[in-house]
Amino acid sequence: MATAIEVAEKAEREDIRSRWLLSTPALLIVFVAALGPLLIVVVYSFLTPGNYGDVKWQFSPDAWVSVLFERDVFDDTLSLATAYLSIFWRSVSLSLATTVLTLILGFPTAYFIATRPDHRRDICLFLITIPFWTNLLIRTFAMQQVLRNDGIINSVLQLLGITDHPVQLMYTNFAVLAGMVYVFLPLMVLPLYASMEKIDFRLVEAGYDLYATRFEVLRRIIIPLVTPGIVAGSILVFIPSLGAYVTPRVLGGGTNLMIGNLIELQFGQGRNWPLGAALSITLMAIVMVALLFYVRNTTRSDGAHG
Amino acid sequence: MANRFDVRRQNGFVSVAMLCFFLLYLPIATLVVYAFNDNDSIVIWKGFSLRWFHVAWNNALVIEASIRSFQIAAVAAVLATITATMAALATTRTKPYPGLTLKYAFINQPLMVPEIVTAVALLIVFSRIKIWTGYSGLGYLVSAHTAFCIPFAYLPIRARLESMDLSLETAATDLYATKWKTFLHVTLPLLWPGILAGLMLAFVVSLDDVVITEFVKSGGQDTLPTYMLGQLRRTVTPEVNAISTAFLLLSIGIVTAFFFISRKRT
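Put into C-alpha cells, the structure is as follows:
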C-alpha cells in the first residue's frame with residue numbers, strides 16, 4: 001500500500017527525471033562544442049609541438065615553461081620571458097584602462113537615460129542597443145576610418161592648425177584602447193542603467209534636505225546604490241577586453257599584440273600548438289579570477305542590503 | 001519658476017551623455033556616408049553614387065558568403081532556441097533539485113570563456129575529427145554556433161518563464177488536459193514572446209560571430225564577417241563600407257523588431 005508521501009515522492013522523482021531529459025540536448029551540445037574541447041586544450045598544453053602544426057603525442061612541460069621563461073639558446077639557462085610577459089601586461093593594463101574609461105563615459109550616460117521620462121528613455125536605450133547589436137567587426141572598421149592618417153580626427157586637427165602633418169594614430173596602443181572603449185561602451189551602459197532605473201529618488205531628496213551638496217549625494221547615496229551595476233558592467237567590459245582579438249588585430253597592427261593575437265600566432269605561423277594551448281589556459285585563469293572577484297562582491301553586497 | 005530645484009540633476013552629466021551618443025554614432029555615420037562615395041578611396045569624397053553597392057552585389061564571393069552566413073545563423077538559431085526552450089522549461093518554476101546549479105553553469109559556460117579560447121579549443125578538436133572522418137562540411141560551424149547561441153536564447157526564455165506562474169497550467173490539468181495539451185495550448189502561447197526574443201538574439205549573435213568562425217571554418221567556408229576581416233588586410237575600397245551599411249541596416253531591423261516584441265510584453 002503506497003502512502004500519500006510515497007506517491008508524492010515518486011511524482012517528484014519522475015519530475016526530476018523528465019527535467020533531466022528535457023535539458024539533455026542543450027547540455028550535450030554545449031559539452032560537445034564548447035566545454036569538452038576546453039578539457040582537451042588542457043591535455044594539449046602538455047604535449048610536444050608537431051613539425052607542421054598540431055602535436056606529437058609525447059609529454060612535455062616545455063609549453064608551460066615557455067609561458068613564463070625563455071631558454072637561452074647557448075647555455076640552456078632560464079630567464080623570464082619578457083616578450084610574453086609584456087604582452088600579458090599590455091592586455092591587462094589596456095583592459096583595465098578600457099574598463100575605467102567606459103565607466104567614466106558610461107556612468108553619466110546611464111544616469112542621464114535613467115532620469116529621462118519614459119518615452120525618451122526608450123529612445124535613448126534604443127540608441128545604445130543599436131551599436132551593441134551591430135557587428136563588432138563593422139564597429140572596429142568604422143573606428144579605423146576615424147583614426148586613419150587621412151581620417152576625421154587628423155583632418156580636424158589639421159584644419160584647426162594644431163598639426164601640419166597627420167599624427168600617427170593607427171597601429172598604436174591608443175588606437176587599440178580607443179577601439180575597445182568604443183566597442184565595449186554599451187556593455188557598461190546597459191547594466192549601469194538597469195541598476196540606476198531602480199534608484200529611489202526619495203533617498204536623494206532626503207540627502208538634500210540634510211544639506212548635502214550634489215557631489216556628496218552622488219558619492220554617498222547614488223554610487224553606493226548602483227554598486228552592483230558598476231561591478232557587473234566592469235566585469236562585462238573587462239572580460240571581453242582581455243580576450244579581444246579582432247580589435248587589436250585591425251587597429252593595433254602587427255606590433256601591438258594582445259593575448260588573443262599571441263594565441264592565434266601560435267596556431268598560425270608559430271606552429272606551436274602546445275604553447276598556444278598553455279597561453280589559452282592562462283588567459284582563462286585570469287578571467288576566472290575576475291569572475292570570482294565578481295561573485296564574491298555580489299554575494300557580499302546582497303548580504304549588506306538584506 | 002524656471003529654475004526649480006531638480007533632485008535628479010548632476011552637474012556635467014548631460015554633457016557627458018551627449019558626448020557619449022556623439023562618439024557612438026560618429027564612426028558609424030562616417031562609415032555609412034563613405035559607402036556612397038563615388039571614388040576608389042574611402043576617405044576622399046568625390047560625389048554621391050550607389051556604385052559600390054552595385055559592385056558588392058555583383059561580387060560572387062560576397063553573395064556566397066552572405067548566403068552561407070544566413071544558412072548557418074538560421075539553422076544554429078533554430079536549434080539553439082529549441083534546445084534552450086526545453087532547458088528553460090526544465091530549470092525554472094521548481095524548487096532546487098540536485099544538478100540544477102550544474103545545469104546553469106553548463107548552459108552559461110560559453111558566456112564565461114573568452115571567445116578566442118573556445119575558438120582554439122574547437123580548432124584542436126575539429127581538425128582531429130576532420131582527419132578521422134574526412135567530413136569537412138558546414139556541420140562544424142553549425143554545431144559551434146549552436147553551442148554559443150544557447151545561452152543567448154536561454155536568457156529571455158527563462159526570464160519569461162519565471163514571470164509566468166503555474167496557476168493556468170494547474171487549471172488546465174484540473175480540467176483533465178494531458179501534459180502535452182497543456183503545453184501546446186497554455187504554456188507555449190504564453191511563452192511565445194520569450195521564444196521569439198531568444199530566437200532573434202541567437203540569430204544576431206550567430207550572424208555577428210567572427211572569431212570562432214575564423215578558426216573553425218575550412219577553406220572556402222567564409223561567412224560575411226570572416227570575408228570582411230580578410231578584406232581589411234588589403235587596401236580597403238568603399239565596397240567594404242557598402243557591405244557594412246547593408247549589414248548595419250539588417251541589425252537595426254532586427255533590433256527594432258526585438259524592441260517591438262519585448263515592449264508588447266509589458
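Protein chains in written order, with the UniProt record's numbering: chain R, 1 to 306; chain Y, 1 to 266. Glycine residues also receive a C-beta, built at the ideal position from the N, C-alpha and C atoms.
**Request:** With L265/R as the anchor, note down where its beta strand (DSSP E) starts and where it stops.
**Result:** Element bounds for L265/R: not the beta strand (DSSP E) but the alpha helix (DSSP H), I259 to F267.
**Prompt:** Which residues does DSSP pair with L47/R in a beta bridge?
**Reply:** F59/R
**Request:** Report the neighbours of I16/R on chain Y: residues whose CB is nearer than 9 Å to its CB, in chain order.
**Result:** T94, Y97, P98 and G99
**Request:** Tell me whether F215/R sits in a helix, a strand or coil according to DSSP, three-state version.
**Result:** helix
**Request:** Return the chain-ordered list of same chain residues with a C-beta closer than 7 Å to the C-beta of F88/R, the five sequence neighbours on each side being excluded.
**Result:** I259
**Request:** Answer yes or no: does any C-beta atom of chain Y fall closer than 9 Å to that of E9/R?
**Result:** no
**Asked** Can you list the residues of chain Y that Q145/R reaches, using a CB-CB cut of under 9 Å?
**Response** P27, T30, L31, Y34, I42, V43, V236 and N241
**Request:** Specify, as a first and last residue, the run of the alpha helix (DSSP H) that A60/Y falls within.
**Result:** A60 to T91
**Message:** Only counting the same chain, and skipping five residues up and downstream in sequence, which positions put a Cβ closer than 6 Å to that of V189/R?
**Reply:** G106, T109, A110 and I128
**Asked** Are three or more beta carbon pairs between the stretch 116–127 of chain Y and the stretch 80–93 of chain Y nearer than 8 Å?
**Response** no
**Asked** What is the residue span of the alpha helix (DSSP H) that G47/Y lies within?
**Response** Where G47/Y is concerned, there is no enclosing alpha helix (DSSP H), given that its DSSP letter is neither H nor E.
**Request:** Flag this pair as yes or no: are the beta carbons of E205/R and V7/Y separated by less than 9 Å?
**Result:** yes
**Prompt:** Hey, out of A73/Y, S244/Y, A197/Y and T178/Y, whose CA is closest to T134/R's CA?
**Reply:** S244/Y
**Request:** Quick one: grab the DSSP three-state call for G53/R.
**Result:** strand
**Request:** Assign D40/Y to buried or exposed, taking buried as 16 or more other Cβ atoms, counted over all protein chains shown, within 10 Å of its Cβ.
**Result:** exposed
**Prompt:** Considering I212/Y, what are the terminal residues of the alpha helix (DSSP H) in which it resides?
**Reply:** V211 to V216
**Prompt:** Is there a Cβ from chain Y that is less than 9 Å from the Cβ of I281/R?
**Reply:** yes
**Message:** Strictly under 9 Å for the Cβ-Cβ distance: is V246/R near chain Y by that measure?
**Reply:** yes
**Request:** Starting from the beta carbon of T115/R, find every residue of chain Y whose beta carbon is closer than 7 Å, and list them in chain order.
**Result:** R8
**Item:** Pick from T92/Y, I63/Y and N58/Y that is closest to A159/Y, judged by C-alpha positions
**Value:** T92/Y
**Message:** Between D222/Y and chain R, is the shortest Cβ-Cβ distance under 9 Å, so that the two count as touching?
**Reply:** no
**Message:** Using only CA atoms, which one of G194/Y, V120/Y and L224/Y lies nearest to A278/R?
**Reply:** V120/Y
**Asked** Sorted by chain position, which residues of the same chain lie with C-beta nearer than 7 Å to S45/R's C-beta, five sequence neighbours on each side aside?
**Response** A63, W64, P274, A277, A278 and I281
**Asked** Applying a beta-carbon distance threshold of less than 7 Å, which residues of chain R neighbour P150/Y?
**Response** It is worth fixing the name first, because residue 150/Y is Ile in this sequence and not Pro. A26, I29 and V30, listed in chain order.
**Item:** G306/R to L141/Y span [Cα, whole Å]
**Value:** With a pLDDT of only 34 at G306/R, under 50, the local geometry of the prediction cannot be trusted, and the value read off the model is given with reservation. When rounded, the distance between both Cα atoms is 46 Å.
**For N37/Y: DSSP bridge partner residues** = F48/Y
**Interface residues of chain A facing D200/R [CB-CB closer than 7 Å]** = Going by chain labels, chain A is absent from the structure shown, which instead holds the protein chains R and Y.
**Prompt:** Is the stretch 283–291 of chain R in contact with the stretch 129–149 of chain Y, if contact means three or more CB pairs nearer than 8 Å?
**Reply:** no
**Prompt:** Going by other Cβ atoms of all chains shown within 10 Å of its Cβ, with 16 needed for buried, is S15/Y buried or exposed?
**Reply:** exposed
**Request:** Give the DSSP-derived three-state secondary structure of M288/R in the structure shown.
**Result:** helix
**Prompt:** Hey, quick one: how far does the alpha helix (DSSP H) through L232/Y stretch, first residue to last?
**Reply:** Taken as a continuous stretch (DSSP letters only), L232/Y belongs to no alpha helix (DSSP H), as it is neither H nor E.
**Message:** For the ligand HEM, I want to know if M180/R counts as a neighbour, meaning its beta carbon is within less than 8 Å of at least one of the ligand's heavy atoms.
**Reply:** Looking at this structure, you won't find the ligand HEM or any other ligand, since it has none at all.
**Request:** Report yes if the CB atom of A147/Y is closer than 9 Å to the CB atom of L21/R, and no otherwise.
**Result:** no
**Prompt:** Are there 16 or more other CB atoms within 10 angstroms of the CB of A304/R, so buried, or fewer, so exposed?
**Reply:** Annotation note: pLDDT 45 at A304/R (below 50); position unreliable, coordinate value reported separately. By the 10 Å Cβ count, A304/R comes out exposed.
**Exposed unless 16 or more other CB atoms sit within 10 angstroms - verdict on L27/R** = buried
**Request:** Closer than 7 Å by C-beta to I152/R: which residues in its own chain qualify, once you throw out the five before and the five after it? Chain order, please.
**Result:** V146
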